[in-house]
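Going by the numbering used here, the final residue of the sequence shown carries number 186, and the count climbs one at a time with no gaps. Using N, Cα and C, we set each Cβ at its ideal position, and we do this for glycine too. Notes follow once the structure below has been shown.
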Amino acid sequence: MGSSKSKSSNTSNTTNVSGQNAISGDNLGVAISGVNNSTINTTMTDHGAVNAAMELGEQAFEFGGEMLNSNERISLEAMDTTHDIAETAIDEVADFAGDSLATYASTNSENLDMLAGLAGSQAAQNSKNLQAMMDLAKFKQDGGQVETSKMMVVLAIVLVLVLGYVMVKKR
């Protein structure tokens, strides 16, 4: 019997591709899956969003510059107004102080004049009081004899006159 020959061959090619594509929420982009060994040309657009954002930023800078200029103008006007108000207030206070000093000086002058008048009146009154005290002291010293003597002389003169009148009348 003869010889027998046998031949066997086996080839396996396995490609595992996961076809899962999970997107959650709002996704306005593009998701591509399951395209092994493919050439895909895609074009994405932002529909002018970047250019609009740049233009908006430029406008914001311009607006900010205008706001700074406006703020500077308002600040300078406020400082000028404050300066004018302060200057007016200082002038008014100086006028008030000057008027107050003039009134104070006038009042003091009047008070000094009144005190001088009172002092003069007091001096006259003191002089009268001193004279009365001296008269009282003289009266006390002689026991009133001087006054009594003066009264006696006056009484004698009156008596002589009355007697003279009566005698002339009788004749």
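Original post:
Quick one: does residue 27 have its CB under 8 Å from some CB of chain D?
Top reply: Chain labels in this structure do not include chain D; a single protein chain is all it has.
Subject >> Assigned secondary structure, residue 60 (DSSP; H/G/I helix, E/B strand, else coil) >> reply: Here residue 60 corresponds to residue number 45 of the sequence shown, with the count starting at 1. The three-state reading of DSSP puts residue 60 in coil, since its state is none of H, G, I, E or B.
Original post:
Do you know offhand how far residue 127's Cα is from residue 140's?
Top reply: Numbered from 1 along the sequence shown, position 112 holds the residue referred to as residue 127. Numbered from 1 along the sequence shown, position 125 holds the residue referred to as residue 140. Roughly 20 Å separates the two Cα atoms.
**OP:** Alpha carbon to alpha carbon, how far is residue 176 from residue 152? Give it in angstroms, no decimals.
**Re:** Position 137 of the sequence shown, counted from the first residue, corresponds to residue 152. Position 161 of the sequence shown, counted from the first residue, corresponds to residue 176. Here the C-alpha atom of residue 152 lies approximately 34 Å from the C-alpha atom of residue 176.
Original post:
Secondary structure at residue 55, three-state DSSP: helix, strand or coil?
Top reply: Reading the sequence shown from its first residue, position 40 is the one you call residue 55. In the structure shown, residue 55 sits in coil (DSSP, three-state: anything other than H, G, I, E or B).
**OP:** Tell me whether residue 164 sits in a helix, a strand or coil according to DSSP, three-state version.
**Re:** The sequence position of residue 164 within the sequence shown is 149, counting from 1. Of the three classes helix, strand and coil, the one that applies to residue 164 here is helix, per DSSP.
Original post:
Just the Cα atoms here: how many angstroms apart are residue 74 and residue 83?
Top reply: As a working mapping, residue 74 is identified with position 59 in the sequence shown. As a working mapping, residue 83 is identified with position 68 in the sequence shown. One C-alpha to the other measures close to 14 Å.
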